[in-house]
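Per UniProt numbering, residue 1 is the first one in the sequence shown, and the count goes up by one each step.
No residue lacks a Cβ here, since even glycine has one placed at the ideal position from N, Cα and C.
Predicted model only: the values in this text are computed from it and were never measured.
Comments concern the structure below.
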Amino acid sequence: MRFLSLFQYWQLPLLALISWYGMLIAMLACWSFQGHPIYWFMTGYQDPVYLSDIGATSLQPLFIACAGFQGLFYFITFVCEFFLRLNKKLIPGFYNKDEKNLSFAAIIFAAIGQLGILMVSIFNTHNFSRVHVIMLCVFIVGVFACMVCNIGEYGVSGNGYGYGGNNHLFIFGMDKLVISFFGKLIWIIIAIVFAVVFAVDMKSSSDEEWGISASFEWTLCFWYGILHSLLAIDLSCTRHAGYDHHHYYEKEGDDDRHTINDSNHTNNTISAATATATDYTETPVLPS
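This is the structure we're talking about:
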């Protein structure tokens, strides 16, 4: 029970981040300690080698475990966000039907994308090269579509509630919705650039360009981890985390606490008025 009391929803994407970065660093470190080897199934010299090449060696179990763990918590993050907002426990709650549809679509694409990266780790590039590339495309497209839906969701939220209002959590003097919306927008633009360079150079037959492609693959992998930090910001102002955004609930009229307080205030006002009227009522004098 004490452990559960310490749990916060924003920790979910950070667990995925730790797993993902831990895997990347461990695989790079192993390849480096081995003396930057060129594996037997590779056709030319590369420095660095692709993540998938390292993942096709004896480190494949690590690749599968960490990719699966990361994918699970990535998916859970979007599911939690949906239900927290649906139940008015995450600021802001759903403003309209479009937000709800975009959030649900983000969950679907998140599931597709994370199943893609799991299949990438299972079907290694050495034995299942074609399936590996197809699943990599599924992962990239799934994450891209998921984030487009999520960015659209927060864009609608910002337009509905108004950026810079008093109803949201502020971080460094900026509205949380502003940080989330523009942070993810910048993230996805840079990710597209990395992905395009990675794909274009990968199609080349030059060892040097393969090395450039592999470098951008690693850059894209580490850049993907930044996304989990942005998702943690989204879950950082739940009522479970102790933030009391009473103005939001007053605006929406969904917090029973304020209804009760208003009722108590009304009753107290009536009682005070009655007491005052009694104090000033003259006692009739009976004739002697």
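Helix or strand or just coil, what does DSSP make of residue i?
{"i": "Asp262", "result": "Caution applies to Asp262, whose pLDDT of 45 falls short of 50 and renders its modelled position unreliable; the value that the coordinates give is listed next. Here Asp262 sits in helix by DSSP."}
{"i": "Leu235", "result": "coil"}
{"i": "Leu90", "result": "strand"}
{"i": "His228", "result": "helix"}
{"i": "His36", "result": "coil"}
{"i": "Pro48", "result": "coil"}
{"i": "Asn150", "result": "helix"}
{"i": "Trp31", "result": "helix"}
{"i": "Thr43", "result": "coil"}
{"i": "Tyr21", "result": "helix"}
{"i": "Thr125", "result": "coil"}
{"i": "Phe7", "result": "coil"}
{"i": "residue 299", "result": "Only positions 1 to 288 of the chain appear in this structure, which leaves residue 299 out of reach."}
Along the alpha helix (DSSP H) that carries residue i, what are the first and last residues, could you check?
{"i": "Gly183", "result": "Lys176 to Met202"}
{"i": "Ser121", "result": "Lys97 to Ile122"}
{"i": "Gly55", "result": "Leu51 to Gly55"}
On the criterion of 16 or more Cβ atoms from any shown chain inside 10 Å, does residue i qualify as buried, or is it exposed?
{"i": "Cys137", "result": "exposed"}
{"i": "Asn87", "result": "exposed"}
{"i": "Gln70", "result": "buried"}
{"i": "Gly35", "result": "exposed"}
{"i": "Tyr74", "result": "buried"}
{"i": "Phe78", "result": "buried"}
{"i": "Val196", "result": "exposed"}
{"i": "Pro61", "result": "exposed"}
{"i": "Tyr45", "result": "exposed"}
{"i": "Ile151", "result": "buried"}
{"i": "Ala191", "result": "buried"}
Quiz item: Quick one: any contact between the region 135 to 149 and the region 114 to 124, if contact means 3 or more CB pairs under 8 Å?
Solution: yes
Quiz item: Does the pairing of the region 94 to 109 with the region 38 to 56 give three or more beta-carbon distances under 8 Å?
Solution: no
Exercise. Assess, as a yes-or-no matter, whether the region 61 to 68 is touched by the region 217 to 229 under the definition of 3 or more beta carbon pairs within less than 8 Å.
Key: no
Quiz item: Per the contact definition of three or more C-beta pairs closer than 8 Å, is the region 46 to 61 in contact with the region 194 to 201?
Solution: no
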